[in-house]
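Chemist: I have a structure here, written as C-alpha cells, and I will follow up with some questions on it.
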Amino acid sequence: MANRRITKKKNKALQKAIKIKEIGKVEEENMKSRFFVQYQGNEFEEKEIITKIKEVWKEEGNKVKDLKELDIYVKPEEGKAYYTINGEIRGSIDIF
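Sequential numbering from 1405 applies to the sequence shown in the working numbering.
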C-alpha cells in the first residue's frame, strides 16, 4: 500500500512538472526577441546574418527548405560571420 501511495505521489509530481514545462514552452514560443551585436561603431542583427547566408545558399542553386542546420560564428574584429550548413558546407559573409 505504501509503495502504491508513493507511486501516486510521484506520478502527480511528474504530471505537475510536465504541465509546468509545457507552460514554459508555450511562453518561450510566444516570446519575441532580437539579437544585436555592436562593435566599434557598427551594429548588426542576427536576422540580417541569417538572411545573407540564406541568400548565398539560394545563389548556389540550393533550396531554403534543404537548409536543416545552420551554425554561425561571428568575428566582429574581422567583419565576418563564418557558417556551417548541414554540418558540411562552410563559408563566410561580410557583416559590415
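Ideal Cβ placement from N, Cα and C applies to all residues, glycine included.
Counting pairs of Cβ atoms below 8 Å between the segment 1442-1450 and the segment 1462-1473, do you hit three or more?
Modeler: Touching, no, given that fewer than three Cβ pairs across the two stretches are closer than 8 Å.
Chemist: Taking the straight line between their C-alpha atoms, what separation do you get for alanine 1485 and glutamine 1419?
Modeler: 43 Å
Chemist: Give me the DSSP bridge partner(s) of glutamate 1449.
Modeler: Phe1440
Chemist: Less than 8 Å separating the beta-carbons of tyrosine 1387 and isoleucine 1457?
Modeler: This structure cannot speak to residue 1387, because the chain is shown only from 1405 to 1500.
Chemist: Report the option in Gly1483, Ile1454, Gly1495 and Ile1489 whose CA atom is closest to the CA atom of glycine 1445.
Modeler: Gly1483
Chemist: Which of helix, strand or coil does DSSP assign to isoleucine 1422?
Modeler: helix
Chemist: With DSSP as the reference, identify every bridge partner of threonine 1455, one or two as the case may be.
Modeler: Beta bridge pairing from DSSP links threonine 1455 with no other residue.
Chemist: Since isoleucine 1499 contacts isoleucine 1454 with CB under 8 Å, what's their CB separation in whole angstroms?
Modeler: Incorrect: roughly 11 Å between the Cβ atoms, too far for contact.
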